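Trainee: A single structure is presented below for examination.
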Amino acid sequence: MSDAPSYSIVAPVYNEAGNLRRFYAEVVEALDPLNEAWELLIVNDGSSDGSHALMLELAERDSRVRVISFARNFGHQIAVTAGVDYACGRAVILIDADLQDPPAVIPRLIAKWKEGYDVVYAVRSERIGESALKKMTAKLFYRMIHRITDINIPVDTGDFRLMDQRVARVLRQMREHRRFIRGMTSWVGYKQTGVQYVRERRVWGETKYPLRKMIAFALDAVTSFSFFPLQIMIYISFILAVLSLIVGVVISALRLTMGAEFFGGQATTIVLLLLLSSFQLFFLFIIGQYVARTYDETRDRPLYVVASTAGFAEARDPRPGGASDNYRREAAERPLADSESEAVQRAG
Ligand code: UDP
Ligand code: MG
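Just so you know, we're using this note's numbering here: the sequence shown kicks off at 5 and counts up by one.
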C-alpha cells in the first residue's frame, strides 16, 4: 500500500448543498497543477438538504473524492476529527466547505510544508462579509484564548490549516470529547508557522455558528486549555477579604465617633448579600463546567457514529493504533523522530 496520496483535504459539511460543486471545482483547480496525488475527504455531518446526494455524485465522478457520512449532526469539530482519523495523505489540510477559506490558498500552505514546517495555519488578515458583532467577538475571543492558555495558540486563526501526517497521528491519540482543534494542533508542537489570507464571505447559505454555539465553543476552548477561571477565584476571595476588613474598621470608627445609628440601614446589607451570592453562583457555574466535562470524558463514548462511507478504494480503519496506522506510517514522509511522544510509539 504505497500509493498513499500526498494530500488529504478534509472538509466538514453540514447543509452546504449550494456550495459543494463550486467547492469541489476550486479544490481541483488549486491542487491539480501541483501534479501530486490527493484525496478529498468530505465529512457529512448529518446534512438534511441534499448535500449527501451531491457528495455521492462527486465521489461517483471522481475517484479521489471520499465521503464519510455521520448518523446525525455531531458538530463541526467532531466532523473535522473524523476527517483526520480517515486521512492517509502525507499532509492533511482542514478547510471549510463554504468557500470562506479559499482553496486557492492551499498551494501556499503546501509550499511552507515543503520548507519543513509540520503545521501551517492560515491567519485571517481580514474578514469580508461578516457582521460587526462576529468580527468583534472573534477578535476578543482569540486574544483572550491567547492570553489565558499555557500553549501558544495563534490569534485570528481558524481551523484552516495544513498538518503533517505525524501531527495527525498525535491528534488521533487525543480522544477528548470537547474539542478545540486549533488548540490541540498547537499543543502537539513541532515546527509551526502561519500564512496570511483574506477570509471571504460565505458563498451560499448561512453560518451554522449562531451566538449560542459560539459561546459553547468558547467555553470548550477555555476549559480545554486553561485553569485560569478556577485560579482567578483565589484572587477575588483575597480582594473581598481585604475589602471586608477595611469596611469593618471604617464602620467601627464611624460608630464610635458619630453614634450607634450609623450604618443601621438594611438596604446595604441586602444589596451586598445579593452581590456576593451572584459571585458565588457564577463561580459555581464555572466549577460546574469543569465537572461536567470531566464526566463527559469519563463516560468515554465514541466521538461519532459513521452511518456510511463512499469512495474508499480499500477499507480504512480510523481508530488510533488501528490497521490503517501502518499504512499512514508508510505514508509519512519523514521518519519518526526520537522526540515523538511515548503515546504515539505505543500506538504505532
Ligand atoms: N459544519 C459542520 N457541522 C456543524 C456546523 C458546521 O460540519 O454542526 C461545517 C460547515 O458546513 C462548514 C464549516 O463546518 O463547512 C464551518 O461552519 P460555518 O461556515 O457555519 O462556520 P463559520 O464560518 O460561520 O464560523
Ligand atoms: Mg463559514
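Each residue gets a CB set at the ideal place from its N, CA and C atoms; glycine is no exception.
Bear in mind that the values here come from a model prediction, so they are computed numbers and not experimental data.
Going by C-alpha to C-alpha distance, which of P306, R203 and D89 sits closest to V174?
Mentor: Cα-wise, what sits closest to V174 is D89.
Trainee: Expressed to the nearest angstrom, what Euclidean distance is found between the alpha-carbon atoms of V275 and S281?
Mentor: Rounded to whole angstroms, V275 to S281 spans 10 angstroms at the Cα level.
Trainee: For the ligand UDP, is there a heavy atom less than 6 angstroms away from the beta-carbon of P16?
Mentor: Yes; taking the cut-off as 6 angstroms, the Cβ of P16 has a heavy atom of the ligand UDP nearer than that.
Trainee: Please report the Cβ distance between M167 and D122, rounded to the nearest whole angstrom; I am assuming they are in contact, meaning their Cβ atoms lie under 8 angstroms.
Mentor: At roughly 7 angstroms, the Cβ-Cβ gap stays under 8 angstroms, so M167 and D122 are in contact.
Trainee: Tell me the residue span of the beta strand (DSSP E) that contains Q200.
Mentor: Residues Q196 to R203.
Trainee: With a threshold of 8 angstroms, are at least 3 pairs of Cβ atoms found where one atom belongs to the region 26-43 and the other to the region 96-108?
Mentor: These segments touch.
Trainee: Please report the residue range of the alpha helix (DSSP H) in which Y239 lies.
Mentor: It spans F232 to M262 - the alpha helix (DSSP H) in which Y239 sits, taken as one unbroken run.
Trainee: Taking 6 angstroms as the line, does the beta carbon of D102 fall inside it for any heavy atom of the ligand MG?
Mentor: Indeed, a heavy atom of the ligand MG lies less than 6 angstroms from the Cβ.
Trainee: Please classify L62 as buried or exposed, where buried requires at least 16 neighbouring CB atoms within 10 angstroms.
Mentor: The residue is buried, with at least 16 neighbouring Cβ atoms inside 10 Å.
Trainee: Rounding to the nearest angstrom, what Cα-Cα distance links L215 and H80 in this structure?
Mentor: Cα-Cα distance, rounded: 15 angstroms.
Trainee: Does DSSP classify M178 as helix, strand or coil?
Mentor: If DSSP states are grouped into helix, strand and coil, M178 belongs with coil.
Trainee: Does the distance from the C-beta atom of L137 to that of V124 stay below 7 angstroms?
Mentor: Against a cut-off of 7 angstroms, the Cβ pair of V124 and L137 comes out as no contact.
Trainee: Can you list, in chain order, the residues of its chain whose CB lies under 7 angstroms from that of A21, leaving out five sequence neighbours each side?
Mentor: Here the set comprises D53, G54, S55 and L58.
Trainee: Looking at G213 and the ligand UDP, is the gap between the Cβ and the nearest heavy atom below 6 angstroms?
Mentor: It should be pointed out that residue 213 corresponds to Tyr in this sequence rather than to Gly. Y213 Cβ: within cutoff of the ligand UDP.
Trainee: Would you kindly work out how many angstroms separate the C-alpha atoms of P64 and G315, rounded to a whole number?
Mentor: The question names Pro, yet the displayed sequence has Glu at residue 64. So the alpha carbons of these two residues sit roughly 7 angstroms apart.
Trainee: Between the Cα of G87 and those of V17, L38, A34 and P107, spot the shortest distance and give me the residue it belongs to.
Mentor: Of the candidates V17, L38, A34 and P107, the one whose C-alpha sits nearest the C-alpha of G87 is V17.
Trainee: Note the first and the last residue of the continuous alpha helix (DSSP H) segment covering V275.
Mentor: Counting along the chain, the alpha helix (DSSP H) containing V275 begins and ends at A271 to R303.
Trainee: Indicate whether N19 and S51 have their beta-carbon atoms separated by less than 7 angstroms.
Mentor: Closer than 7 angstroms, so yes.
Trainee: Can you find the residues in the same chain that come closer than 7 angstroms, C-beta to C-beta, to N330, ignoring five residues on each side of it along the sequence?
Mentor: With a pLDDT of 49 at N330, under the threshold of 50, the modelled position of this residue cannot be trusted; read the value that follows with caution. So the list is empty, once near-sequence residues are dropped.
Trainee: Check T141 in the structure and name its three-state DSSP category.
Mentor: Helix at T141.
Trainee: To the nearest angstrom, how far is the alpha carbon of L288 from that of P233?
Mentor: Computed Cα separation, rounded: 11 angstroms.
Trainee: Figure out for me which residue from P37, T153, L98 and K118 has the closest Cα to the Cα of V47.
Mentor: Selected option, being the one with the closest Cα: L98.
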